[in-house]
Amino acid sequence: KELVDIENPLQIIADRLAQKTQVICFDEFHVSDITDAMLLTGLLETLFERNVVLVATSNQHPDQLYHDGLQRERFLPAISYIKENTKVIKIDSGIDYRLEFFDHAEIYHTPHDENANAMLENDFIHLCPDKGTIGVALEIEGREIETIRCGDGVVWFNFETICSGPRGVADYIELARQFQTVLISNIPVMNDNDNDMLKRFITLVDEFYDRNVKLIITAENIPKKLYRGKLLVEPFKRTKSRLEEMRTHDYLAREHLP
Numbered sequence: 077k078e079l080v081d082i083e084n085p086l087q088i089i090a091d092r093l094a095q096k097t098q099v100i101c102f103d104e105f106h107v108s109d110i111t112d113a114m115l116l117t118g119l120l121e122t123l124f125e126r127n128v129v130l131v132a133t134s135n136q137h138p139d140q141l142y143h144d145g146l147q148r149e150r151f152l153p154a155i156s157y158i159k160e161n162t163k164v165i166k167i168d169s170g171i172d173y174r175l176e177f178f179d180h181a182e183i184y185h186t187p188h189d190e191n192a193n194a195m196l197e198n199d200f201i202h203l204c205p206d207k208g209t210i211g212v213a214l215e216i217e218g219r220e221i222e223t224i225r226c227g228d229g230v231v232w233f234n235f236e237t238i239c240s241g242p243r244g245v246a247d248y249i250e251l252a253r254q255f256q257t258v259l260i261s262n263i264p265v266m267n268d269n270d271n272d273m274l275k276r277f278i279t280l281v282d283e284f285y286d287r288n289v290k291l292i293i294t295a296e297n298i299p300k301k302l303y304r305g306k307l308l309v310e311p312f313k314r315t316k317s318r319l320e321e322m323r324t325h326d327y328l329a330r331e332h333l334p
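Taken in order, the sequence shown gives residues 77 to 334; the numbers are from the working numbering.
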């Protein structure tokens, strides 16, 4: 707040950081938000000018950072700064540990009791060893969505949070872009009184399927028994089929498409 009315506040921040440290480390470096992208561009430039060393781990090569992001061209200078001032080292054991996990994990837990939720928590920790952040709210399409846990590339929602209220296709597209794995707990059996929630769930599954998002859920019943109504029988047939396919090795081996 003290820098609100100051011109070029990033230079002051960089000066303060440079006075305190010579090396800055980022674990699981990624960029998914346009505000972060713009701030990082200026901050990285000023830090490198002050000979601060950057050490970072990332699942993406610098050229892939903020891929397909809004106004990405404004972030391209940051990529240039990183490539000019760091050495990119590829560390690859040849083993896809996440796929290895999915091959042995339950993807669909039913019924959604305390044991299923405990298993979901274990799944999250396997996928995000730092355990992520509990109860953080994501801002998606200008609205906040509460999460149970959120980490790098992995997020966990309660079903009612993600499929009720003002949620639409744009929300699910953005979530599918940001996260390669999504956990959803407490999916109920629905009828025609729940068709608004069911429509959102159908849309969510469609968008996640199209982008190869890995979906781990707890539900009251198996996919074909999640809907007891009549009005959405036909569109839900596709959802049932996709939920089944999303548990297969072939689907789980597909690369995420942000």
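Backbone N, C-alpha and C define an ideal beta-carbon position, used for all residues, glycine too.
None of the values given here were measured: they were computed from a predicted structure.
To the nearest angstrom, report how far apart Pro311 and Phe284 are at their CA atoms.
-> 16 angstroms
Pull up the CB-CB distance for Leu307 and Thr257, whole angstroms please, since I reckon it's below 8 angstroms.
-> No, Leu307 and Thr257 are not in contact; Cβ-Cβ is about 31 angstroms, not under 8 angstroms.
Is it a yes or a no for the region 223 to 234 touching the region 254 to 268, going by three-plus beta-carbon pairs under 8 angstroms?
-> yes
Mind checking which residues open and close the alpha helix (DSSP H) that includes Val231?
-> Boundaries around Val231 are those of the beta strand (DSSP E), Val230 to Asn234, since no alpha helix (DSSP H) includes it.
Is it the case that the Cβ atoms of Ile216 and Glu250 are separated by a distance below 7 angstroms?
-> yes
Simplified DSSP assignment, three categories, for Ile183 | coil
So what's Glu321 in DSSP terms, helix, strand or just coil?
-> helix
So does the region 154 to 169 actually touch the region 267 to 277, counting three or more Cβ pairs closer than 8 angstroms?
-> no
Taking the alpha helix (DSSP H) that Val245 falls in, what are its first and last residues?
-> Val245 to Gln254
Taking DSSP as the reference, what is the three-state secondary structure of Gly211?
-> In this structure, Gly211 counts as coil in the three-state DSSP scheme.
Burial state of Met322, where buried means 16 or more other Cβ atoms lie within 10 Å = buried
Please classify Arg150: does DSSP put it in a helix, a strand, or coil?
-> If DSSP states are grouped into helix, strand and coil, Arg150 belongs with the helices.
State the DSSP-derived secondary structure class of Phe102, mapped to helix, strand or coil.
-> strand
Whole-number beta carbon distance between Leu291 and Phe200, since they are thought to touch under 8 angstroms = Wrong, their Cβ atoms sit about 13 angstroms apart, outside the cutoff.
Which residues share a DSSP beta bridge with Met266?
-> Tyr303
Three-way DSSP call (helix, strand, coil) for Arg276 in this model = Collapsing the DSSP output to three states places Arg276 in a helix.
Around the Cβ of Ile171, are there at least 16 other Cβ atoms within 10 angstroms (buried) or fewer (exposed)?
-> Its pLDDT being 47, under 50, Ile171 is placed unreliably by the model, and nothing is read from it.
Beta bridge counterpart(s) of Ser108 as assigned by DSSP | According to DSSP, which records beta bridges pairwise, Ser108 is partnered with nothing at all.
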